[in-house]
Every structure is written in C-alpha cells, then in structure tokens.
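Residue numbers (the working numbering), protein chains in the order written: chain A, 1 to 331; chain B, 1001 to 1331. Even for Gly, the Cβ is constructed at its ideal location relative to N, Cα and C. A quick write-up on the structure given underneath.
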DNA sequence: CAAACATGAGATAACGTTTACAGACTCAAT
DNA sequence: ATTGAGTCTGTAAACGTTATCTCATGTTTG
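So this is what it looks like as structure tokens:
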C-alpha cells in the first residue's frame, strides 16, 4: 500500500534521502542537529522503513526460517520460542511454517522461505525432501536439522538419543512386568527418523533378554491421536491385553487413553510410558511416565548452531545429541 | 546470498529478462517453444524468484501477519492453522509473531510486520497498544482483532461471548452447590478483555441470585500456570475450602490441579469448570468441565474477514461473536 | 491492398532502500 | 597562505523484479 518512503521523510525534513538513510542506520557522518530533527520528523510521520527494499539492497534479510510438522504441538513450539528469542537477541527474526507432517506441503513451505531469501533454515522434517535440502545446504543457505534426521542430508543437527531412551524405558517395563512379553509397542511412522529409532530401541531392549517383540503387540501408528485410539481398541479388546504400553509420542498416548475411556476400562488399568510433552497429563494419572525431551535445551542448541553457522559458513558440521530423561512418575 | 537472478536465467536461456518474467508470471505473450525452454532452464538451475524484489516492484506482498500472545498454546495455534490454510488457498501467506503476553514485545512484533509490508494484521492483543493499532487500521493495512478486544480500537473482529458463557457456567455451579457461596473464581488479568468479560459474567450469575461474590474466593491470576497454583494454595489450605472453581483459562486450570497434587488433595475433591482447550485433561478426571471455544470455527471466521477486507477495503466493519459451548463432562 | 490487429520479444524505467563517490566546509598544522 | 585531515551532505547507481513502451512480425479485415 502507499506507505511513506524515505523520500517523504527527506522532503519533510528538508534533507536528502541519503541523510535520512544515515540517521536510520546510524552510519556515516551526520550532525547532531539534523540527526534529531530527522528523527523527530520520522516519529511525526509514523515512518516505518520498508524491509523489502532494505533487504534487497543490502542482500541480507537477517531472517531465518523454521518449518515444523505441527505447530499446534507445544513441544515444537516451546523449542521454537527459544530459537526465536535467541535469534531476536542477535538481530535476526524467525519465520514459521507448518508442514502438517506432509512432504508436499513441506516442500512448498521451504520454497516459499527460499523465495524470501532466508539466511538459514531450521527443519524438523518429514524425512522426504532430502535432495532439495542437501542442495540448499550446499548453496549458501545454512541448514540445521532438529529433532529428526533426513535421509541423505548431512548438516548441523540437534537430535535426541531416541533409541537409548526407548531402550531404557522398555527395559524398565520388562523388568517390572517380567519377560512374559505382555508389553505393547505403539510406534510412529517408519518414514520419520525419530519413530524408527524409538521403535528400534524398544526392540533392542526386548532382544537383550533373548526374546523377540511379539508382532501382535506392535502397532504401526502415525503420530496422531486417532492411531493411538485404534491401537487401544486393537489390544484391549482381546483376551489377554498387555500389561504395559510403550508409546512413541504424546498424541498417540492421548489417543490411547481416549480409547480406554471409550471402552470403559479404568485408565489406571495399564501402565504407560510415553515419549513427549505430557506434563499436564501426568498430573492426572498415577500410571503414566514420560520420556521428557527438554525442548528449551534443544531450542538453545538449535539457536547456537544457527548463529555459529551464520557467522562462519566454513565451520565443520556439528551434531548435538541430547539424552531424553526417562522420568518415572508412576506413584 | 548470491542466489540466482532472473538475469542468469535469461542469459542461460538466451532470452531477455522480460521474457523470463513473462513466463514466470504467465503474463503477456510468449511462444510455447520459448516458454517451455525457459521453464526447463529454471528447473535445471534451481532458480527461485526473489520475493523481495517482486513485492517491492509490485507494491504487494500478499502477506498477512498474525501476532499471538502465546504460540505454545494449542488453542491459538489451532485457530491460526486454519487461518493460514485459508489464506494459502487464496494466494496469501501468514507470518507468525509471539508477543508473549507482553505489550512491549507486541509493539515490536507489529512494527516488524509493518516493515515487512503485510497487507493485513490479525491480532490477539494484550490490550495495550490501542493508539498504534487504530492508526494502522486507518492507514491502509487491514486489521482483524481476534479473541480479544483492544480499548479504543474499532475494526473487524471475531470474539466470543465470554460473559454469557461464564454466566452460564457459574449459574450451573451455583445451582448445584447451592447459594452457600463456596464457589471460587479464578480470574485472569484485568488488562485482557476476555478476562474482564469472563469475570463479569461470573459475577453476574452470582448477583442474579441476589448475592455478591465473596472477595476472599476471587483470585486475580494472570493466565499462567503458576497463578493457578497460587490460587489453589490460597484457597485449599483454609478451613472451609470452596466446593467448586470457575477458572478463566486452561493454563490456570492446569496450575490449580498441580497445586492440588502438591497439597496431596485428591483431584476429584473439587469440581472445576474452565475456559479453554482442555480436551486431553477431561479424559483423566471426572469433575472437570470445559467451556469449549471452537478454535477452528474462529479461525474460519478470521480468515473470511481478512479476505473480505482485503478485497474490499471500504466494507463496513464486521463483528462476529461466537458462543462458547459449555460442555458438562462431569460424570 | 492498406489498415487494423493479434502475437512475440527486447529495452528500460521504476519500486524504496543503501552506499560509493564527490563536493563543500571547518580547523589545525605546516 | 597552503595543505590535509576530518566532518557533513547531496547525487546517483545499484539490488532483482515487473510493467510500460517500443518495434517487429504475421494475419485478419473492410
């Protein structure tokens, strides 16, 4: 829209556009008198510099993009908030995109951001657009992967020891409920690296006891509430339902409880250990434990890697691995 | 960074930049032969048009900004996701900012967006920057207020009948627990319009029975978990604790339960009715009911108003009011 | 058959900034 | 007096696009 330009300000203040620009950027020489006068005029006119023109000219946007699979998920948003905060403090800003766990939308989002000339991309990916992402990383825009790896992409990344935490949690359940094997695994989609790793860790715990996972107690969910519900119905209506469940994320866990509720089974009838942000839920039941992924910590790491990469593009690739805390809250 | 320009493409394809621009925008005349050739070249070079330059030239960004008080709150994000979706479908995109419920950060966010030349602003405000917001609305950038009114600002808006819903809920509690008055009100900050309205509605229900709210059973929270916890400690440690609580938002409700937990009081010892997204929580307790604000519905309305306003700036101001559903889930 | 028109493609002037570059002035040191 | 450095300000050329204006061609039309 026809908003004010530096020209209007210059005219109103009786100086050249160059001078206005200089006071705007506090660069070059400008007398204190004119300086304050120009600033006065800018305030009066309510002038707001055009970031588009500025970025175009400077060939810098000081902008970072982040694309997340689900912006309604507090885990991701808590992480992202820290990133935004740290970037802001360093003069960058963050632009959010939601891929909805959908590779095509992810592609669209990334291309939109590229068009905006982001200087760095933070991605919790669907795992599918490896070729493009690699290409981006090799052509000037820094890429930091978070939470999830992407096949064939080697860049800075901050991930979690999903396998290790899953193994620990399942080992705990096995220890408690014996080797009878009545422990169910509620897995996420194979396309997502975290889901694969969690599933693998869980299985490893079982194998270490010289057993194999009972495939009728393994459910291939897709990180949605609905799939947790489905798993519940599948398992809990049989003659010998499992005694415990390991769930790969929070949404599926909620779905599982919803299923119990619908089946009329008391929520405390079965012990659950779940990955993900379930703080609020643990208030309400005595038999749910979580594998807590500290999103603040992860956000801090992401911000740090982004900023480091931005100031030195030639750095070696860095990989941060955090260990989620298996927090036994069963009372 | 030195990304490719239309010039590079033109050179590689052996045509002028004007021609490349024409195929890019499918405007003007260009032979099918050259057309496909240029597109081929663009694919090969992985060319991504510079949105900054494009917007600058066209004096249109097709961008809408949204500033929310808390992007980790699924209520807001569920609403925003719909807005984004609808805007995308109409060729706009949405840029998110988080004000953290802080007027100064809100101001900063708005100014940033203005600098980016957003064409419309969606705002769930802190209630504090009325002057600026009014000014924006009167100078070409459409403004749509959502969830919360802002003093002195008259623009398109979509809000809820907070007072009505609060009144209904508290009337229910009064009916159930008699007029003994042992119903506690957990209010939000007075600066936020929704909080004021919810508090007022609750008080109205009490007055209708010819009584006044007992001020020792009214707690002035601030929409944070911590304040819910504080309220709990304040009320539940006295000789005659309240029999029921009306809470103005979800976060405070979680805090209240956390307080109960810490005090060792069974969560079902007290009935709660709360505003906000508490879907998951109602799975776990039998004595929590929610006043459900349908975020999808609100998102749809916001998107519709934004799009209408964008295509006809002269429209009359429109105000959509939704009635939250008081959903009695107590079993 | 000239005149009108549709088609195709290149030059070029913006859009709102920043940033050389170049003048002009002041002031101290030679 | 002359130089030179330091301070202040303006002119104008970019940044990567799009859109207007040309100028060529055909291709209809009256």
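Have a look at the DSSP bridge pairing and note the partners of residue i.
i: residue 145 of chain A; result: A:123, A:157
i: residue 1271 of chain B; result: B:1244
i: residue 1327 of chain B; result: B:1290
i: residue 1187 of chain B; result: B:1220
i: residue 66 of chain A; result: A:96, A:122
i: residue 320 of chain A; result: A:158
What residues in its chain sit with their C-beta under 6 Å from that of residue i, if we drop five residues either side in the sequence?
i: residue 233 of chain A; result: 259
i: residue 96 of chain A; result: 66
i: residue 1200 of chain B; result: 1163
i: residue 166 of chain A; result: 198, 201, 202
i: residue 1117 of chain B; result: 1061
i: residue 55 of chain A; result: 61
i: residue 1102 of chain B; result: none
Considering only residues of the same chain and omitting the five flanking positions on each side of residue i, which have a CB-CB separation below 8 Å?
i: residue 173 of chain A; result: 183, 244, 246, 271, 273
i: residue 1144 of chain B; result: 1120, 1121, 1122, 1123, 1155, 1156, 1157, 1158, 1302, 1305, 1306, 1309
i: residue 1146 of chain B; result: 1079, 1122, 1123, 1124, 1157, 1158, 1159, 1298, 1302
i: residue 226 of chain A; result: 255
i: residue 1075 of chain B; result: 1250, 1276, 1277, 1293, 1295
i: residue 1131 of chain B; result: 1152
i: residue 10 of chain A; result: 16, 17, 19, 20
i: residue 1300 of chain B; result: 1082, 1086
i: residue 28 of chain A; result: 22
i: residue 3 of chain A; result: 48, 50
Identify the contact partners of residue i in chain B, using a Cβ-Cβ distance below 9 Å as the criterion.
i: residue 337 of chain A; result: Examination of residue 337 of chain A is not possible in this model, given that chain A is present from 1 through 331 alone.
i: residue 254 of chain A; result: 1279, 1280, 1283
So which residues on chain A does residue i lean against when the C-beta distance must stay under 8 Å?
i: residue 1077 of chain B; result: 71, 72, 77
i: residue 1258 of chain B; result: 283
Hey, how far is the Cα of residue i from the Cα of residue j?
i: residue 186 of chain A; j: residue 220 of chain A; result: 7 Å
i: residue 242 of chain A; j: residue 263 of chain A; result: 15 Å
i: residue 330 of chain A; j: residue 287 of chain A; result: 5 Å
i: residue 1111 of chain B; j: residue 85 of chain A; result: 17 Å
i: residue 63 of chain A; j: residue 1321 of chain B; result: 37 Å
i: residue 1238 of chain B; j: residue 1191 of chain B; result: 29 Å
i: residue 1018 of chain B; j: residue 1052 of chain B; result: 18 Å
i: residue 196 of chain A; j: residue 289 of chain A; result: 21 Å
i: residue 1210 of chain B; j: residue 1269 of chain B; result: 28 Å
i: residue 83 of chain A; j: residue 46 of chain A; result: 30 Å
i: residue 1104 of chain B; j: residue 1114 of chain B; result: 15 Å
i: residue 279 of chain A; j: residue 1257 of chain B; result: 12 Å
i: residue 1148 of chain B; j: residue 43 of chain A; result: 28 Å
i: residue 1127 of chain B; j: residue 1319 of chain B; result: 17 Å
i: residue 1109 of chain B; j: residue 261 of chain A; result: 43 Å
i: residue 267 of chain A; j: residue 106 of chain A; result: 37 Å
i: residue 176 of chain A; j: residue 170 of chain A; result: 10 Å
i: residue 229 of chain A; j: residue 1205 of chain B; result: 39 Å
i: residue 1058 of chain B; j: residue 222 of chain A; result: 43 Å
Tell me whether residue i, by its Cβ, gets closer than 7 Å to a heavy atom of the ligand ZN.
i: residue 1099 of chain B; result: This structure does not include the ligand ZN; it has no bound ligands of any sort.
Residue i touches chain A at which residues, Cβ-Cβ below 7 Å?
i: residue 1238 of chain B; result: In chain order: nothing, as chain A lies at least about 22 Å away.
i: residue 1053 of chain B; result: 56
i: residue 1261 of chain B; result: 283
Which same chain residues end up closer than 7 Å to residue i when comparing Cβ atoms and leaving out the 5 residues on each side of it in sequence?
i: residue 25 of chain A; result: none
i: residue 1203 of chain B; result: 1213
i: residue 1327 of chain B; result: 1289, 1290, 1292
i: residue 1216 of chain B; result: none
Can you pull the chain B neighbours of residue i, defined as C-beta to C-beta under 7 Å?
i: residue 95 of chain A; result: 1095
Identify the contact partners of residue i in chain A, using a Cβ-Cβ distance below 9 Å as the criterion.
i: residue 1267 of chain B; result: 283, 284
Closer than 8 Å by beta-carbon distance: list the chain B residues that pair up with residue i, in chain order.
i: residue 98 of chain A; result: 1081, 1084
Taking beta-carbon pairs under 7 Å, can you tell me which members of the segment 1063-1074 of chain B lie near chain A? 1071, 1072, 1074
So if I threshold CB-CB distances at 8 Å, which residues from the segment 1003-1036 of chain B count as touching chain A? 1003
Using Cβ-Cβ distances below 8 Å, what residues of the segment 105-131 of chain A are close to chain B? 111, 112, 114, 115, 116, 117, 119
Return the residues of the segment 201-232 of chain A that lie within a Cβ-Cβ distance of less than 8 Å from chain B, sorted by chain order. none
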